[in-house]
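Counted from 1, the sequence shown has number -7 at position 9 by the working numbering; the numbering is strictly sequential.
Cβ atoms here follow ideal geometry from the backbone N, Cα and C, with glycine treated the same way.
On a predicted model such as this, the values are computed, not experimentally measured, just so you know.
The structure appears below as structure tokens.
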Amino acid sequence: MPTYEYECQKCHHRFEVFQRITEPPKKSCPQCRGRVKRLLGTGAGLLFKGTGFYITDYRKPGYKQAAKTETSATTGAAKSSSSQTSSGGKD
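As structure tokens, this is what we get:
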């Protein structure tokens, strides 16, 4: 069920309400009974954690090993190129 955030136009009290999408929006503040407006863009996005998702369960087993190999290869290449430029010497 979605969480909607409202702000009172009279006393500026902010509050959240769990409502179904089909329910009409709230019209009055629970503190002062003033008019309220529903705020847009509030709340947090979805974050999927734990088992049962693509990243943790459905990738091939060799994925992590390939990522480690790629990281070590680029680190080794960066070290060798920096040592060549610093030991270039005089011509």
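Please work out which residues of its chain come closer than 7 Å, Cβ to Cβ, to residue i, disregarding the five sequence neighbours upstream and downstream, and give them in chain order.
i: Ile5; result: Pro(-14)
i: His(-4); result: none
i: Phe2; result: Met(-15) and Thr(-13)
i: Cys13; result: Cys(-8), Lys(-6), Cys(-5), His(-3) and Val20
Taking only three categories from DSSP, how would you classify residue i?
i: Thr53; result: helix
i: Cys(-8); result: strand
Report the rounded CA-to-CA distance for residue i versus residue j, giving the unit in angstroms.
i: Lys11; j: Lys52; result: 56 Å
i: Glu7; j: Thr55; result: 52 Å
i: Arg19; j: Lys33; result: 39 Å
Spatial neighbours of residue i within its chain, please: CB distance less than 8 Å, with the 5 preceding and 5 following residues excluded, ordered by chain position.
i: Cys16; result: Cys(-8), Lys(-6), Cys(-5) and His(-3)
Among the residues of its own chain, which have a CB less than 6 Å from the CB of residue i, if the five just before and after it don't count?
i: Pro9; result: Arg22
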